[in-house]
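*Asks:* Under the numbering used here, the first residue of the sequence shown is numbered 5, with each subsequent residue one higher.
For reference, the structure I am asking about is given below.
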Amino acid sequence: MLDEVIGRYTIDPNRVIVHGYQGGGTLASLVAFRHRDLVRAVAAVDAPLPGHPPAAEPIHPLAFYLCTAEKSPRAASIRRSIKALGEARLPVEQQSIGAAPRYLLPAEVERLAKWIDTLDRI
């Protein structure tokens, strides 16, 4: 599917990201781990990683934008994910979305879009 989207649209290969909310965010991480040659970043909202992240690869950089709700049942797992990303030397941007789990508000989506725009500089 990724190949089809990349073939159909004009896409900057430095800004290919996968994104998801809760279970979809965990799935996005799995897609990124399996397709390091295509995916440049993961943006996950209220979603922990599906296990330990792979080590950083200079030839296939991978960045993370993780949004966390303080009272989410997944908050502790997300904090462990952030720590594991740091240990794997993968860049991670952490964003708080308040107390309760929810999807991003328009201003938060705009902040995410600005982060995506910086990916070619990471």
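Ideal Cβ positions, reconstructed from N, Cα and C, are used throughout, including at glycine.
According to DSSP, simplified to helix, strand and coil, what is residue 21?
*Replies:* Here residue 21 sits in strand by DSSP.
*Asks:* Is it buried or exposed for residue 137, if we count other Cβ within 10 angstroms and need 16 for buried?
*Replies:* What is shown of the chain runs 5 to 126, which leaves residue 137 out entirely.
*Asks:* The alpha helix (DSSP H) spanning residue 96 covers which residue range?
*Replies:* It is not in any alpha helix (DSSP H) - residue 96 instead sits in the beta strand (DSSP E) that spans 96-100.
*Asks:* Taking 8 Å as the cut-off, decide whether the C-beta atoms of residue 98 and residue 86 are in contact.
*Replies:* Yes, the pair counts as a contact, with Cβ atoms nearer than the cut-off.
*Asks:* Counting C-beta neighbours from all protein chains within 10 Å, is the total for residue 16 16 or more, i.e. buried, or is it exposed?
*Replies:* Exposed, since its Cβ has fewer than 16 Cβ neighbours within 10 Å.
*Asks:* Counting beta carbon pairs with one atom in the segment 27-34 and one in the segment 6-15, are three or more of them shorter than 8 Å?
*Replies:* Contact between the segment 6-15 and the segment 27-34 is absent, because fewer than three Cβ pairs lie under 8 Å.
*Asks:* In whole angstroms, what separates the C-alpha of residue 66 from that of residue 47?
*Replies:* Roughly 11 Å separates the two Cα atoms.
*Asks:* What three-state label does DSSP hand residue 70 in the structure shown?
*Replies:* Three-state DSSP puts residue 70 in a strand.
*Asks:* Run through DSSP, which three-state label would residue 49 get?
*Replies:* DSSP places residue 49 in strand when its eight states are reduced to three.
*Asks:* Determine whether the beta carbon atoms of residue 92 and residue 58 lie at a separation below 8 Å.
*Replies:* It is a contact, given that the beta carbons lie within the stated cut-off.
*Asks:* Would you say residue 72 and residue 50 are within 8 Å of each other, going by their C-beta atoms?
*Replies:* Going by C-beta atoms, residue 72 is nearer than 8 Å to residue 50.
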